[in-house]
Amino acid sequence: MPAISPSGQPGSACDWFETPAGRAVLDSEHALVAEALGGHPGLPWLWLTPAAPQLGIEGRGLCLVRRGRGLDGPVRCGWPLPLPSEAFGAVLLQHVVGPHGDDLGLLEEAARVLAPGGHLWLLLLNPLTPYRWRWRGSGIASAEPLAWRRRLREAGLAPDAVSRGVGPSWRPVPSPASQNGPGIRAAYAMRCQKRHLPLTPVRQARTLALPAVAPAA
140 MPAISPSGQP GSACDWFETP AGRAVLDSEH ALVAEALGGH PGLPWLWLTP AAPQLGIEGR
200 GLCLVRRGRG LDGPVRCGWP LPLPSEAFGA VLLQHVVGPH GDDLGLLEEA ARVLAPGGHL
260 WLLLLNPLTP YRWRWRGSGI ASAEPLAWRR RLREAGLAPD AVSRGVGPSW RPVPSPASQN
320 GPGIRAAYAM RCQKRHLPLT PVRQARTLAL PAVAPAA
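Per the working numbering, the sequence shown starts with residue 140, numbered consecutively.
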């Protein structure tokens, strides 16, 4: 299968999501976005997206739109993010990270601001879908779930075993029903958790018995 592009996903990718073909993918993901951001109602959420959102999400949160190498919204910034560590119960990266270069720094920042026990969600384009021809030449690069699971583990996160496919396969019309595995759908969702405890058990220190002491005469 030919490579889509050697460059990272964002940049001109943000412009592609404003086209009818790109908007059909985003519109297909509304239910998954609501599920991701509503999973931890006791904590605020963070949502990074490639285009101005067209749905409202309940709860406290911060939505930023990626514009090239920066983020725009209530705050304008790049990364490292000017946000406190472990402050968000849910973080959603919706088509704002690619598999190359500086984008992996944004993934690491998302892991940093995620609270222990919280979930980070990735929405990514599927390199195996026929729909990929609709983003050909836009500068978008995509990768399969196996490669992303490795990157998520390197960022200290525990990914779910199964991803969920969503979006159209051929025609640029919304297709919101998700399925197990990406299949030939335009996009797929991956969820991972920031564990409370380290994955490797810590060996307990051995307790040494003290010698008996004879009573004083």
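In this text, a Cβ means the ideal position worked out from N, Cα and C, and glycines have one as well.
Predicted model, so just to flag it, every value in this text is computed and none were measured.
With fewer than three CB-CB distances shorter than 8 Å, the segment 237-257 does not count as touching the segment 267-276. Taking the Cβ atoms as the reference, residue 169 lies roughly 7 Å from residue 315, within the contact range of under 8 Å. Taken in chain order, the complete beta strand (DSSP E) segments of 3 or more residues contained in the segment 253-290 are 253-264.
A direct Cα-Cα distance of roughly 11 Å separates residue 302 from residue 287. Short of 6 Å from the beta carbon of residue 194, and not among the five residues preceding or following it, lie these beta carbons of its own chain, in chain order: 169. Contact between residue 200 and residue 185 holds: CB atoms are separated by about 7 Å, below the 8 Å threshold.
Secondary structure note for residue 210: its beta strand (DSSP E) is the uninterrupted segment 209-211. Counting only the Cα atoms, residue 167 lies some 14 Å from residue 190. If you look at residue 204, you'll find it in the beta strand (DSSP E) that goes 200-206.
Comparing alpha carbon positions, the residue from 304, 319, 257 and 320 closest to residue 181 is 257. Of 230, 297, 175 and 320, the smallest CA-CA separation from residue 264 is found for 320. Straight-line measurement puts the Cα of residue 154 at about 34 Å from the Cα of residue 255. Going by DSSP, residue 324 is part of no beta strand (DSSP E) at all; its letter is neither H nor E.
About 26 Å separates the CB atoms of residue 260 and residue 310; that is not less than 8 Å, and the two are not in contact. Per DSSP, the unbroken alpha helix (DSSP H) holding residue 160 starts and ends at 159-167. Residue range 184-188 is occupied by the beta strand (DSSP E) that includes residue 184.
Beta-bridge partners of residue 173 (DSSP): none assigned. In the structure shown, residue 191 falls within a coil segment according to DSSP collapsed to helix, strand and coil.
Each residue's CA atom was taken as its position, placing residue 214 and residue 208 some 14 Å apart. Around the beta-carbon of residue 312, fewer than 16 other beta-carbon atoms lie within 10 Å, marking it exposed.
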